Every structure is written in C-alpha cells, then in structure tokens.
C-alpha cells in the first residue's frame, strides 16, 4: 500500500518565503553596517550593497519556488 507524498500547505510555503526575505534584508543590513563601521566609511555603501545582494538572492529563490509550483 503506497501513499503519495502530501503537498505542503501553500500558506506555510509562502510564509517561509516571506521570512526568508526579511532575514536576507536584516542580515544584509547588519553585515553591511558592521563593515561600514569597521572600515569607518561615512557613506553606508556596504549596507546598501549587501541589502541589494540579499534581495537579489531572495528573488532568485522566489522565482525558483514559483517555477516548481507549475
């Protein structure tokens, strides 16, 4: 007797994706701020750069997750 694997709840899946986005932005902001403080930059270049890196990686993850749903 074989049972098909259950599909995950879509609400949980997209909640997890939202949490990943928040985590990517917060981690990028924290790491960038730490680098800017350590290197004594007046303009927060690493903060901005690492936030965009986190958002870019999140959107790549989001696109892959949405393609799996098809």
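Residue numbers (our numbering): -9 to 60.
Backbone N, C-alpha and C define an ideal beta-carbon position, used for all residues, glycine too.
Values in this document were obtained by computation on a predicted structure and should not be read as measured data.
{"Item": "Segment contact flag, the region 21 to 35 with the region -5 to 10, C-beta cutoff 8 Å, min 3 pairs", "Value": "no"}
{"Item": "With 16 other Cβ atoms within 10 Å as the buried cut-off, status of residue 40", "Value": "buried"}
{"Item": "DSSP-derived helix/strand/coil call for residue 23", "Value": "helix"}
{"Item": "Inside the region 26 to 50 only - beta strand (DSSP E) runs reaching at least 3 residues", "Value": "none"}
{"Item": "As assigned by DSSP and simplified to three states, the class of residue -6", "Value": "coil"}
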